[in-house]
Structures are given as C-alpha cells and as structure tokens.
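Student:
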Amino acid sequence: MENSYPTRDGDGSLVRMTRSQLRSELEDGTQAAAARAKVPPLTTDELDHLLDIWASPARFSSVDIGDEVVLTYDGSGSKTVGTRTQDLLIYEQMMGADSVELANVDYSFKAVKTILPHEAQNMKDAQLVLTAPVMYGAMPNLGLYSQPDGPVPNWSELLPLTKIDEARAAQEEAIEHAVKDMVAVADAMWEAGADGIDFDTAGAAGDGDFLATLQAVEKIRAAHPDMGIEVGMAGEFVLGVHAQLEYDGVRLAGLWPREQMELVRRAGATIFGPAVNVNTRKSGAWNIARALTLVKPCMHVAEIPVHMNVGMGVGGVPMSSHLPLDAVSRASRACVDILRLDGL
Amino acid sequence: MGMPVAHATASGMCGMRAAGDLVARMQITRGMRIREAKAYVAERLGVSPFDLSDPLAMEDVRRDHHLGRVTTFEMSYPSESSAMESKFRIADLLDLPINCVERFARHAGVARAATAADLRG
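Going line by line, the protein sequences match chains R and A.
Just so we're aligned: the first sequence equals residues -14 to 329 in this note's numbering.
Just so we're aligned: the second sequence equals residues 797 to 917 in this note's numbering.
1) Mind pulling the chain A residues with CB within less than 7 angstroms of Ser331 (chain R)?
2) What is the residue span of the alpha helix (DSSP H) that Thr195 (chain R) lies within?
3) Compare the beta carbon distance of Val54 (chain R) and Leu329 (chain R) with 8 angstroms and say whether it is the shorter of the two.
4) Which runs of the beta strand (DSSP E) fall wholly inside the region 257 to 295 of chain R and span at least 3 residues, in chain order?
5) I'd like to know if Val263 (chain R) contacts chain A, where contact means its C-beta is closer than 8 angstroms to some C-beta of that chain.
6) Which residues in chain R sit within 8 angstroms of Met871 (chain A), going by Cβ to Cβ distance?
7) From Gly(-3) (chain R) to Asp311 (chain R), what distance separates their C-alpha atoms?
8) At 7 angstroms on the CB atoms, spell out the chain R contacts of Ala879 (chain A), in chain order.
9) Excluding the five sequence neighbours on either side, which residues of its own chain have a C-beta within less than 7 angstroms of the C-beta of Arg266 (chain R), listed in chain order?
10) Anything in chain A within Cβ reach of Ile256 (chain R), meaning under 9 angstroms, just list it in chain order.
11) Cβ atoms of Met124 (chain R) and Ala169 (chain R): under 8 angstroms apart, would you say?
12) Of all the CB atoms in chain R, is at least one closer than 8 angstroms to the CB of Ala820 (chain A)?
13) Apart from the five residues just before and just after Val216 (chain R), which ones in its own chain have a Cβ nearer than 7 angstroms to its Cβ?
14) Can you list the residues of chain A that Asp(-6) (chain R) reaches, using a CB-CB cut of under 7 angstroms?
15) Report the residue ranges of all beta strand (DSSP E) runs contained in full by the region -14 to 18 of chain R; include only those spanning at least 3 residues, in chain order.
16) For Leu129 (chain R), count neighbouring C-beta atoms within 10 Å of its own C-beta (all shown protein chains included) and say buried if the count is 16 or more, exposed if not.
17) Skipping 5 residues on each side, what residues in its chain have a beta carbon closer than 6 angstroms to that of Ala88 (chain R)?
18) Does the CB of Met799 (chain A) have a neighbour CB from chain R at under 8 angstroms?
19) Where do the ends of the alpha helix (DSSP H) carrying Ile830 (chain A) lie?
20) What's the call for Glu10 (chain R), buried or exposed, on a 16-neighbour Cβ count within 10 Å?
21) Work out the CA separation of Tyr836 (chain A) and Arg813 (chain A) for me, nearest whole Å.
22) Under 8 angstroms by Cβ, that's how I've got Ala287 (chain R) and Arg829 (chain A) pegged, so tell me the actual separation to the nearest angstrom.
23) Taking 8 angstroms as the CB-CB limit, is Asp180 (chain R) close to chain A?
24) Would you identify the three-state DSSP class for Arg236 (chain R), choosing helix, strand or coil?
25) So for Asp52 (chain R), helix, strand or coil by DSSP?
26) Quick one: list the residues of chain A neighbouring Asp327 (chain R), beta-carbon separation under 7 angstroms, in chain order.
27) Taking three-plus beta-carbon pairs below 8 angstroms as touching, is the region 868 to 877 of chain A in contact with the region 71 to 87 of chain R?
28) Please check the pair Ser844 (chain A) and Met809 (chain A), which I expect to be a contact at CB under 8 angstroms, by giving their CB distance rounded to whole angstroms.
29) For Ala334 (chain R) versus Arg275 (chain R), is the C-beta distance shorter than 8 angstroms?
30) Using DSSP bridges, identify the partner residues of Ser47 (chain R).
31) According to the neighbour-count rule (16 or more other Cβ atoms, all chains shown, within 10 Å of its Cβ), is Val90 (chain R) buried or exposed?
32) In terms of residue numbering, what span does the alpha helix (DSSP H) encompassing Leu889 (chain A) cover?
33) So, using beta-carbon positions, are Val119 (chain R) and Ala879 (chain A) closer together than 8 angstroms?
34) In chain R, which residues lie less than 8 angstroms from Ser849 (chain A) when you measure between Cβ atoms?
35) Using 10 angstroms around the beta-carbon of Met(-14) (chain R), count the other beta-carbons present and answer buried if the total reaches 16, otherwise exposed.
36) Cβ of Val170 (chain R) less than 8 angstroms from any chain A Cβ?
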C-alpha cells in the first residue's frame, strides 16, 4: 500500500494524499491553468520538483541557502502589540522583514485621504526609528466611489438593469476620483519621507480599478522619479466590468499576469505583484501548480522585480486567517524554486 | 504571524539580520531584479552575493560600515548609528537617494554632499 503524506486543501484543512494522488493534483492544476490562460503547462522536471516538496512529512520547507529573495508586504502589523510603528519595528527587528509597510486598517486610499495628515505624520515618525525601507500601502478599491459609500451611481446596480452606458459612465467618473485620491496620498507620503507606495489588490473592482491604478502610477512617477512603486494585483484575470477601457492602447479586460506586468512597468512601477486566487474546493497541490503556471510567463520577460502575492488565499496558500507553517513554507519555496521570483 | 514568519524563514533574506533591507532598497527604488540587486549590493559591500543572506557574515559588515544592526537582548548599541544615521550611511554606500535622509538633511540644514563626506571621514 502506498504511503500517504499530510497535506492541505485549499481551505487549509489537513488531509492525507499519496504520492500518486499529489502527482495527479499537480498535473490537473497546471493543465487547468494552461487551458484557461492559453499558456504552457509546467514541465515534467518542474512537476517532479513540486512533488518532492509536497510529498514530504516535513513540517517546514525552504529554499536553498543563497537562493533567498526580498520580501515586501501588504501591511506589516495593525496595532498588534501597541502602535503601528512598534509593529513595524517588530517586523524589522524580530521577524527578519526585508522591508515593512505602514498601512491603515481600512486599507483603502479613499478612506486614508480623510486622515492623511495623521498617516503622513506616522510615516515621518516611523522613518526616524526604522532602518529597513518603509512603504505605505492601501487598495485602490474603486467600489468605494459608488453610492451609497461614494459620489457616483452604483454600476453594480445599473448593470443588472442593462443600463450599460450609465454603468460605464459611472465607472469613468469613479476613476477620476480614485486617481486624485491615490496621487494625493502618494504625494503626502513622499513629503513625509516614505520610500515607496504599494497599490494592493489592483483591479479588484475590475478593469476600471486597474486603469485608475495605472493612471495614478503614471502621475506619481512623473512627480517623484525616485519613489518606489509596487503594484500588487487582486487576481489572475482582469474582470471586464466596464469592458472597453484601455491603457496605452491595450484593452484591460481579460488581461493575464504577463500582460498586466507589462502595463504596470510601462506606467512606471518598480515592482509587480501578480496574484492568483485559491480555489478552496481544490487541494493545495492543485492550487500551487495552477498559480505557478499562470505566473511563469512573466518571468521570461520581466524588466522589473516580480513579487508574487503568496498570502491568505493567493499564490497556493490556503484561504485561512490562521495559516499553517507547512502550507505557507511549501508555497513560498515552490514559488522561488520554480519561478525564480525576485521576491514575495 | 504564521505567514510573515514562514515566508521570512522559508525564502526571505533576513532583513537587517543580514542584507535583505539593502537589496530591497535597490528593488524598490531602482527596480532592479534580484540577481542584479544582489550583485550591486555585494559589490558595494565587498562581499559575494551568497554572503548577503548570512547573518554572521553580515553582522561584521554592517558593524564596520555603520549600517545598523538588530538589537540583541537589552543592548541597543548606544554608541553606534541610530536608524536615521544608518540610513545616511546606506545612501552613501549604495549611491542611492533615500527620501527620508534627503529630507532630514534639508530640515536639519545640513548639505547632503557635505554630510556624506563627513561620514566617510
């Protein structure tokens, strides 16, 4: 009888699978991604290496010495033990963080804009006591600009009524508001001494969300040539909620990571963060193979660092708020070993 | 904690325990990919890229170059560089503008070029 190994499902549940079952899951995952995104599946050697990582009872897995990469964050602490600055120090001094990210718990540019002087002061104070680079992060979150939370008509209500033109016009107006807020926050953070700004979950509200981010990045780059700019995506595929929006002549709806990265670079970002969402009904092995297959095309053509999102529910890490070390470390190692990423 | 600790241990460069913060700066500010960023920092520090993730090797390098070190026990190296002072050194060593350093020098009325020269002396 074939040995079985403890492994994780996409929701984090601990299950047991044999080597043959894990192999089958990996192959199914890469084929699913290849078919959907029309990209090559992982090679036999790559699947063999993934199988070695997954078919192991070890509690922890890691890259080889010398293969380490840079870590950036989407928030590093949220008054976990005291102030946010104390949290950043804990990340720097005790958790081996290569960089840290100051963030507000609301984590949306629109919300941050209303308390910007406080956030900027916190950035300035943090810079006095931290040696590692300090980014400021938030989400573009275009949906917050629609009624009842925001000023423009709600396109999610207009679309089911087939008011397509009105829904598109609402998104276009929301984009203008979002760009202004993102640029205002970036300007204030730069004035306060930030090393960079992180746009997290770009494209979460679809192509309008992504366009707003790209336009904001372009303006920020023009104003601050030395500012670090990271764009982390919300998912592997840009949803066409508007469906006619373009950036630099490229239609945004339907873009996969490689094409997303190219536009992010063109806009002026210094780091791109692809995201591939986890299917909680599939195994961890299936999900990591799918995620790596979708991001791999980026790595051959990247001109800026690629920091893949490998966190709760993305990048092959289970969808859970209490993540097990075995699952995170395997995903972390797999992403670096297979993709030769620049960071996570 | 499970996620950041797991990543830092499984694949991170250890931050200030080694030279992860320095390599991160080249990526964040200059958009360098990992191989290029490691090579650049290693050349500037006079070490090999392999050494950059080694806390023991980098402890001496960071101390010698006044680049800041993680505190141990209750000792905070009172006679050595503070965070901001270390960042002046890092900017100088990497030949990289660090935003808060430039602003600190401007607000303090210290010409940045003179500051760098003084530090080297």
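Glycine included, every Cβ here is placed at the ideal spot set by N, Cα and C.
These numbers were taken from a predicted model, which means no experiment stands behind them.
Tutor: Quick look at the numbers:
1) Past the boundaries of the shown model lies residue 331 (chain R); chain R is included only from -14 to 329, so the question cannot be answered.
2) Position 210 of the first sequence, counted from the first residue, corresponds to residue 195 (chain R). The residue asked about is misnamed: residue 195 (chain R) is Phe in this sequence, not Thr. That run of the alpha helix (DSSP H) goes Asp192 to Ala208.
3) Taking the first sequence and counting its residues from 1, the one referred to as residue 54 (chain R) is at position 69. Taking the first sequence and counting its residues from 1, the one referred to as residue 329 (chain R) is at position 344. Yes, these two residues count as a Cβ contact at 8 angstroms.
4) none
5) Your numbering for residue 263 (chain R) matches position 278 in the first sequence. Not an interface residue.
6) Start at 1 with the first residue of the second sequence, and residue 871 (chain A) comes out as number 75. None at all; the shortest Cβ gap to chain R is about 12 angstroms.
7) Locating residue -3 (chain R) in the first sequence gives position 12, counting from the first residue. Locating residue 311 (chain R) in the first sequence gives position 326, counting from the first residue. The straight-line gap from Cα to Cα measures roughly 10 angstroms.
8) What you label residue 879 (chain A) is simply residue 83 of the second sequence in a count that begins at 1. Within chain R, the residues near Ala879 (chain A) are Leu113, Val114, Leu115 and Thr116.
9) Taking the first residue of the first sequence as position 1, residue 266 (chain R) is located at position 281. Here the set comprises Gly(-5).
10) Walking along the first sequence from the start, residue 256 (chain R) turns up at place 271. Near Ile256 (chain R) (Cβ distances below 9 angstroms), the residues of chain A are Gln823, Ile824 and Gly827.
11) Looking up residue 169 (chain R) in the first sequence gives position 184. Looking up residue 124 (chain R) in the first sequence gives position 139. No. Outside cutoff.
12) Sequence index remark: in the second sequence, residue 820 (chain A) carries index 24 (1-based). Interface residue, yes.
13) Taking the first sequence and counting its residues from 1, the one referred to as residue 216 (chain R) is at position 231. Cβ within range, chain order: Phe184, Ala187, Thr198, Val202, Val249, Ala254, Phe257 and Gly258.
14) For the purposes of this step, residue -6 (chain R) is taken as residue 9 along the first sequence, with counting starting at 1. Correct list: empty, because the minimum Cβ distance to chain A is about 17 angstroms.
15) -11 to -7 and -1 to 3
16) To locate residue 129 (chain R), count along the first sequence from 1; it is residue 144. Per the 10 Å Cβ criterion, buried.
17) Indexing the first sequence from 1 puts residue 88 (chain R) at position 103. Excluding sequence neighbours, Ala88 (chain R) sits near Gly60 and Gly122.
18) Indexing the second sequence from 1 puts residue 799 (chain A) at position 3. True, the Cβ-Cβ gap to chain R drops below 8 angstroms.
19) Taking the second sequence and counting its residues from 1, one reaches residue 830 (chain A) at position 34. That run of the alpha helix (DSSP H) goes Ile830 to Leu841.
20) Here residue 10 (chain R) refers to the residue found at position 25 of the first sequence. With 16 or more Cβ atoms within 10 Å of its Cβ, Glu10 (chain R) is classed as buried.
21) Locating residue 813 (chain A) in the second sequence gives position 17, where the first residue counts as 1. Locating residue 836 (chain A) in the second sequence gives position 40, where the first residue counts as 1. Cα-Cα distance, rounded: 19 angstroms.
22) Taking the first sequence and counting its residues from 1, the one referred to as residue 287 (chain R) is at position 302. Taking the second sequence and counting its residues from 1, the one referred to as residue 829 (chain A) is at position 33. Yes, they are in contact, since the Cβ atoms of Ala287 (chain R) and Arg829 (chain A) sit about 7 angstroms apart, within 8 angstroms.
23) Sequence index remark: in the first sequence, residue 180 (chain R) carries index 195 (1-based). Interface residue, yes.
24) Counting from one through the first sequence, the residue named residue 236 (chain R) turns up at place 251. Three-state DSSP puts Arg236 (chain R) in a strand.
25) For this step, residue 52 (chain R) is matched to residue 67 along the first sequence. Coil at Asp52 (chain R), not helix or strand.
26) The residue labelled residue 327 (chain R) in the question sits at position 342 within the first sequence. Those are Gln823, Arg829 and Ile830, listed as they occur along chain A.
27) no
28) Position 48 of the second sequence, counted from the start, is the residue given in the question as residue 844 (chain A). Position 13 of the second sequence, counted from the start, is the residue given in the question as residue 809 (chain A). In fact, because the Cβ distance is near 14 angstroms, the residues do not count as touching under 8 angstroms.
29) This structure cannot speak to residue 334 (chain R), because chain R is shown only from -14 to 329.
30) Mapped onto the first sequence, residue 47 (chain R) falls at position 62. According to DSSP, which records beta bridges pairwise, Ser47 (chain R) is partnered with nothing at all.
31) Walking along the first sequence from the start, residue 90 (chain R) turns up at place 105. It is exposed - the Cβ of Val90 (chain R) has fewer than 16 other Cβ atoms within 10 Å.
32) Here the question's residue 889 (chain A) lines up with position 93 in the second sequence. Counting along the chain, the alpha helix (DSSP H) containing Leu889 (chain A) begins and ends at Ala879 to Leu890.
33) Here residue 119 (chain R) refers to the residue found at position 134 of the first sequence. Here residue 879 (chain A) refers to the residue found at position 83 of the second sequence. In this structure, Ala879 (chain A) does not lie closer than 8 angstroms to Val119 (chain R) by Cβ.
34) In the second sequence, counting from the first residue as 1, residue 849 (chain A) sits at position 53. Those within 8 angstroms of Ser849 (chain A) in chain R are Ile50, Gly51 and Glu53.
35) Taking the first sequence and counting its residues from 1, one reaches residue -14 (chain R) at position 1. So Met(-14) (chain R) ends up on the exposed side.
36) Here residue 170 (chain R) refers to the residue found at position 185 of the first sequence. Chain A, which has no Cβ nearer than 8 angstroms to the Cβ of Val170 (chain R), makes this no.
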